[in-house]
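Worksheet for the structure shown next.
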Amino acid sequence: MNSNRNSNQNSNLEAEPKANMNVHSLFLLRYGLILIPALLAMYIQNVGNLRLYTLQILVLLTIAVFSRFAGSNPAAVTVAALAEIIYAGWVAGRDGGILFLLSFSALCVYPFLQPHLLRTMLFIIHAWVVLQAVRPEAPELQGAAVLSFILTAFLVCRLRNALEHEHEAVGLYDKLRRKHFELDEARQQLLLFARQVETTAQQEERTRISRQLHDDIGHRLIRIKMMLEASLHVVPADPTKGMELLQQIRDQVSDSLENMRAAVKKIKPAVRPSDSYALDSLLEETGRGTGIKTCLETNGQPYPLYPSQRVVLYKNAREAITNAIRHGGATEITIIVNYGQQEIGMTVSNNGRLPEHPERLSSFSFSGLGLNGMRERTEMMGGCIECRIEDQAFFLITRLPVWKEHELA
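What follows is the structure, encoded as structure tokens:
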């Protein structure tokens with residue numbers, strides 16, 4: 001729970017600067033729509049009394065600032081926006097020219113209000129005020145005012161949609177972060193629970209084994225000890241009965257050994273599936289069972305293989321070793337594994353008898369049951385298999401393609 005709260009706080013801290021930056025940009029645009037037309041009008045047209053004109057602009061800025069700080073009260077924002085539209089329209093109608101742009105600053109406010117009907121009403125009032133402000137002007141200026149008003153309204157609406165989408169995206173991002181931390185916390189709890197289960201299972205197994213050693217093997221050893229002491233007194237006087245006691249002791253010891261092996265076997269960790277298809281284990285078993293010399297070499301940087309690839313390489317190597325011993329009478333077998341960027345290659349070589357017709361190796365048909373199985377397994381994985389003779393040694397080569405994670409993405 002603490003991690004969830006921390007994640008929520010972090011996500012809010014990340015989202016707030018973005019939202020504040022967008023709000024500041026919007027208000028800078030609003031103030032720019034007031035100050036830039038006001039300053040331009042001072043230089044390109046007659047604004048009458050400059051002090052009165054400056055006071056009018058300051059009043060308009062005051063209304064804009066008030067609507068900003070009343071952002072938590074929709075009713076106050078609506079009244080401030082309506083007052084700004086009417087007042088800016090009155091200033092534009094009084095001084096004329098490009099001052100109709102002053103009222104455009106209100107477009108940065110009421111398009112964000114709810115509901116939609118309120119925005120529509122304010123837009124109609126705003127459009128009517130702009131038309132009344134430019135009515136005394138030339139038709140060209142009237143057309144420019146209407147066109148600029150429509151374009152500004154369209155751009156502000158697009159900005160509003162972009163901000164709403166960004167707000168939704170930030171909300172979704174926060175939800176994803178919360179879910180991520182919840183999943184991470186659940187994973188940690190599962191790992192802790194798994195460790196607890198494993199510890200409990202180990203304790204139960206130790207308890208069971210200790211009970212078995214105490215109740216079964218311990219009692220047997222005590223009985224054997226007592227029978228041995230008895231046999232020491234019986235054998236000199238009655239050798240036949242003493243031999244019977246010794247045979248019973250032998251049977252008791254055999255049973256105890258079997259129970260001990262069973263307990264130790266349960267303690268021994270299970271063999272991993274990957275160990276069942278290890279080439280080094282195959283060569284070790286081959287050398288131990290046949291007495292031939294074996295060798296395993298690797299070239300390149302080893303990397304993990306898919307289980308299916310490990311199985312194909314292991315079975316091909318086992319079949320090649322069997323053929324080398326059975327048909328070639330080999331005394332030395334070498335396996336070389338080459339880890340390449342595009343493929344992994346395994347070469348099995350031996351010093352046994354060579355084929356009677358080495359020139360036919362290029363058209364080797366793999367007609368035998370074992371060789372045909374090697375070819376089918378290799379081709380099923382998209383690889384190929386070939387054989388050749390070099391330096392009076394027979395080589396069987398298996399090549400399999402490999403795919404890295406970045407290639408599968």
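Residue numbers for the sequence shown follow the UniProt record's numbering, beginning at 1 and rising by one. From the three backbone atoms N, C-alpha and C, an ideal C-beta is built for every residue, glycine too.
- What is the DSSP secondary structure of Asn259, reduced to helix, strand or coil? In the sequence shown, residue 259 corresponds to position 259, counting from 1. Reduced to three states, the DSSP call for Asn259 is helix.
- Between the Cα of Asn316 and those of Met42, Ile385 and Ala80, spot the shortest distance and give me the residue it belongs to. Mapped onto the sequence shown, residue 316 falls at position 316. Residue Ile385 is the option with its Cα nearest to Asn316.
- Message: Below 8 Å, how does it come out for the stretch 97-116 and the stretch 31-45: are there three or more Cβ pairs, yes or no?
- Response: yes
- Query: Among residues of its own chain, excluding the 5 on either side of Ile85, which ones have a beta-carbon nearer than 6 Å to its beta-carbon?
  - Reply: Position 85 of the sequence shown, counting from 1, holds the residue named residue 85. Only Ser103, Ala106, His126 and Val129 meet the Cβ criterion.
- Is the beta carbon of Ala75 sitting closer than 7 Å to the one on Ser67? The residue labelled residue 75 in the question sits at position 75 within the sequence shown. The residue labelled residue 67 in the question sits at position 67 within the sequence shown. No, the pair does not count as a contact, with Cβ atoms beyond the cut-off.
- Item | Range of the contiguous beta strand (DSSP E) that encloses Gly346 | The residue given as residue 346 occupies position 346 in the sequence shown. Here residue 346 turns out to be Met, not Gly, going by the sequence shown. Element bounds for Met346: Glu343 to Asn350.
- Output the residue ranges of the alpha helix (DSSP H) runs that lie fully inside the stretch 157-237 and measure 4 residues or longer, sorted by chain position. 219-237
- Query: Which whole-angstrom value is the C-beta distance of Tyr87 and Val59, which I expect to be below 8 Å?
  - Reply: Numbered from its first residue, the sequence shown carries residue 87 at position 87. Numbered from its first residue, the sequence shown carries residue 59 at position 59. Confirmed, about 7 Å.
- Does the stretch 219-237 come close enough to the stretch 192-206 to have 3 or more Cβ pairs within less than 8 Å? no
- Query: Applying the criterion that 16 or more other CB atoms from any shown protein chain within 10 Å of the CB defines a buried residue, is Leu313 buried or exposed?
  - Reply: Along the sequence shown, read from residue 1 onward, the residue named residue 313 stands at position 313. The residue in question, Leu313, is buried, as its Cβ has 16 or more Cβ neighbours within 10 Å.
- Query: Hey, how far is the Cα of Glu65 from the Cα of Ile36?
  - Reply: Working through the sequence shown from its first residue, we reach residue 65 at position 65. Working through the sequence shown from its first residue, we reach residue 36 at position 36. Here residue 65 is Val; the residue named in the question, Glu, does not match the sequence. In a straight line, the C-alpha of Val65 is about 17 Å away from that of Ile36.
- Message: Looking only at its chain, what residues have a beta carbon closer than 6 Å to the beta carbon of Ile336, apart from the 5 residues adjacent to it on each side?
- Response: Counting from 1 along the sequence shown, the entry for residue 336 is found at position 336. The residues are Glu297 and Thr347.
- Terminal residues of the continuous alpha helix (DSSP H) containing Val79? Counting from one through the sequence shown, the residue named residue 79 turns up at place 79. Segment Pro74 to Asp95, the alpha helix (DSSP H) holding Val79.
- Bridge partners of Ile389, per DSSP? For the purposes of this step, residue 389 is taken as residue 389 along the sequence shown, with counting starting at 1. Note: Ile389 sits in a beta bridge opposite Phe394.
- Alpha carbon of Gly289 to alpha carbon of Leu283, nearest angstrom: Along the sequence shown, read from residue 1 onward, the residue named residue 289 stands at position 289. Along the sequence shown, read from residue 1 onward, the residue named residue 283 stands at position 283. About 10 Å.
- Message: Mapping the DSSP letters down to three states, classify Arg135 as helix, strand or coil.
- Response: For this step, residue 135 is matched to residue 135 along the sequence shown. If DSSP states are grouped into helix, strand and coil, Arg135 belongs with coil.
- Taking Arg310 as the reference, which of Thr378, Asp174, Val156 and Thr334 has the closest Cα? Within the sequence shown, the letter at position 310 stands for residue 310. Checking every option, the nearest Cα to that of Arg310 belongs to Thr378.
- Query: CA-CA distance, Ala330 and Asn299?
  - Reply: On the sequence shown, residue 330 is found 330 positions in, with the first residue counted as 1. On the sequence shown, residue 299 is found 299 positions in, with the first residue counted as 1. Near 24 Å, if we compare the C-alpha coordinates of Asn299 and Ala330.
- Distance between beta carbons of Glu332 and Asn351, contact taken as under 8 Å: Taking the first residue of the sequence shown as 1, we reach residue 351 at position 351. Taking the first residue of the sequence shown as 1, we reach residue 332 at position 332. The Cβ separation is near 5 Å, so the contact holds.
- Query: In terms of alpha-carbon separation, which member of Pro302, Glu164 and Ser148 lies closest to Gln114?
  - Reply: Residue numbering aside, residue 114 sits at position 114 when the sequence shown is read from its first letter. Considering only alpha carbons, the answer is Glu164.
- Message: Pull the bridge partners of Ile63 from the DSSP assignment, please.
- Response: Counted from its first residue, the sequence shown places residue 63 at position 63. DSSP lists no partner for Ile63.
- Neighbourhood of Leu141 by C-beta, 7 Å cutoff - its chain only, sequence neighbours within 5 removed: By 1-based counting over the sequence shown, the position of residue 141 is 141. Cβ neighbours of Leu141 beyond the five flanking positions: Val134.
- Spatial distance of Gln392 from Ile321 (CA atoms): Taking the sequence shown and counting its residues from 1, one reaches residue 392 at position 392. Taking the sequence shown and counting its residues from 1, one reaches residue 321 at position 321. Looking at the two C-alpha atoms, the distance is approximately 17 Å.
- Query: Could you check where the alpha helix (DSSP H) with Tyr314 kicks off and where it finishes?
  - Reply: Along the sequence shown, one-based indexing puts residue 314 at 314. Run containing Tyr314: Pro307 to Arg326, per the alpha helix (DSSP H) assignment.
- Item | Ala41 versus Val156: straight-line alpha-carbon distance, rounded | By 1-based counting over the sequence shown, the position of residue 41 is 41. By 1-based counting over the sequence shown, the position of residue 156 is 156. Straight-line Cα distance between these residues: approximately 24 Å.
- In three-state DSSP terms, what is Thr298? In the sequence shown, residue 298 corresponds to position 298, counting from 1. DSSP places Thr298 in strand when its eight states are reduced to three.
- Item | Residue range of the unbroken alpha helix (DSSP H) whose run includes Thr334 | Numbered from its first residue, the sequence shown carries residue 334 at position 334. Not the alpha helix (DSSP H): Thr334 falls in the beta strand (DSSP E), residues Glu332 to Tyr339.
- N- and C-terminal bounds of the alpha helix (DSSP H) containing Ser281: Numbered from its first residue, the sequence shown carries residue 281 at position 281. Leu279 to Thr290 is the span of the alpha helix (DSSP H), which, as asked, contains Ser281.
- Query: Using the rule of at least 16 other Cβ atoms within 10 Å of the residue's Cβ for burial, across every protein chain shown, is Ile150 buried or exposed?
  - Reply: For the purposes of this step, residue 150 is taken as residue 150 along the sequence shown, with counting starting at 1. That one is exposed.
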